[in-house]
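Going left to right, the sequence shown walks through residues 3 to 132 as our numbering numbers them.
Have a look at the structure below, then the notes.
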Amino acid sequence: MRIRNSIALAVVVLLLFVSGIFYHLRYGRHDTFMSNFLAWKHESRSGGRDVGDRRPPQTIPLSARYVDKAAPDVAIFVSTPEFRKAPLDIRRMKLLEFFTLKVADRDFMLLSDADKKKVLDLFMQRYLVP
3 MRIRNSIALA VVVLLLFVSG IFYHLRYGRH DTFMSNFLAW KHESRSGGRD VGDRRPPQTI
63 PLSARYVDKA APDVAIFVST PEFRKAPLDI RRMKLLEFFT LKVADRDFML LSDADKKKVL
123 DLFMQRYLVP
């Protein structure tokens with residue numbers, strides 16, 4: 003009984019070892035795998051930053067994010083005959099609908115009301131030609 007259990011245990015260990023090797027060959031960087039395993043924490047840090055530090059987020063101006071980035075799509079939309087022939091109020095509504103459906107993303111809803119108004123005013127000022 004003990005011999006069977008030890009053989010089964012050896013087979014399971016061998017299978018785990020082989021599957022681990024295949025996993026690291028396929029998904030891991032096997033040349034650097036566990037290269038710093040016994041190194042001290044301060045030796046393995048790069049760039050002089052602490053482990054928990056994060057890079058500051060890259061902030062994009064609101065006008066570049068919502069107004070300038072949408073320029074090609076808005077140019078196509080504005081050049082359609084239905085938009086050009088419509089009265090000014092209808093064009094304003096269509097442009098507002100285009101902004102809410104195509105340009106504004108989920109982060110736009112998280113902006114303050116003043117920022118939303120500033121972005122919408124800039125968008126309308128740039129693309130609503132009387």
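Think of the CB as a built atom: it goes at the ideal place given N, C-alpha and C, for glycine as much as any other residue.
Keep in mind that this is a model prediction, so the values were computed, not measured.
Hey, how far is the Cα of residue 67 from the Cα of residue 83?
-> Taking the first residue of the sequence shown as 1, we reach residue 67 at position 65. Taking the first residue of the sequence shown as 1, we reach residue 83 at position 81. So the alpha carbons of these two residues sit roughly 27 Å apart.
message: Using the three-state DSSP reduction, which class does residue 61 fall into: helix, strand or coil?
response: Here residue 61 refers to the residue found at position 59 when the sequence shown is read from its first residue. Coil.
Does DSSP put residue 82 in a helix, in a strand, or in coil?
-> Taking the sequence shown and counting its residues from 1, one reaches residue 82 at position 80. The answer is coil: DSSP assigns residue 82 none of H, G, I, E or B.
| Among the residues of its own chain, which have a CB less than 6 Å from the CB of residue 72, if the five just before and after it don't count? | The residue given as residue 72 occupies position 70 in the sequence shown. Around residue 72: 105.
- Message: On the criterion of 16 or more Cβ atoms from any shown chain inside 10 Å, does residue 19 qualify as buried, or is it exposed?
- Response: One-based indexing of the sequence shown puts residue 19 at position 17. The residue is exposed, with fewer than 16 neighbouring Cβ atoms inside 10 Å.
- Item | Element boundaries [alpha helix (DSSP H), containing residue 117] | For the purposes of this step, residue 117 is identified with residue 115 of the sequence shown, where counting begins at 1. Looking at the DSSP string, the run of the alpha helix (DSSP H) that includes residue 117 is 115-129.
- [ ] Could you pull out every residue in the same chain whose Cβ sits closer than 7 Å to the Cβ of residue 129, ignoring the five residues on either side in sequence?
- [x] Taking the first residue of the sequence shown as 1, we reach residue 129 at position 127. Taken in chain order, the residues that qualify are 76, 80, 97.
If you reduce the DSSP assignment to three classes, tell me which class residue 91 lands in. Mapped onto the sequence shown, residue 91 falls at position 89. Helix, per DSSP.
Contact defined as beta carbons within less than 8 Å: I believe residue 126 pairs with residue 86. What is the distance between those atoms, to the nearest angstrom?
Working through the sequence shown from its first residue, we reach residue 126 at position 124. Working through the sequence shown from its first residue, we reach residue 86 at position 84. In fact, because the Cβ distance is near 16 Å, the residues do not count as touching under 8 Å.
Using a 10 Å radius around the Cβ and a threshold of 16 neighbouring Cβ atoms, would you call residue 24 buried or exposed? Indexing the sequence shown from 1 puts residue 24 at position 22. Residue 24 is exposed by the Cβ-count criterion.
Check your understanding: Would you call the CB atoms of residue 124 and residue 65 closer than 8 Å?
Key -> Numbered from 1 along the sequence shown, position 122 holds the residue referred to as residue 124. Numbered from 1 along the sequence shown, position 63 holds the residue referred to as residue 65. A contact, by the Cβ cut-off of 8 Å.
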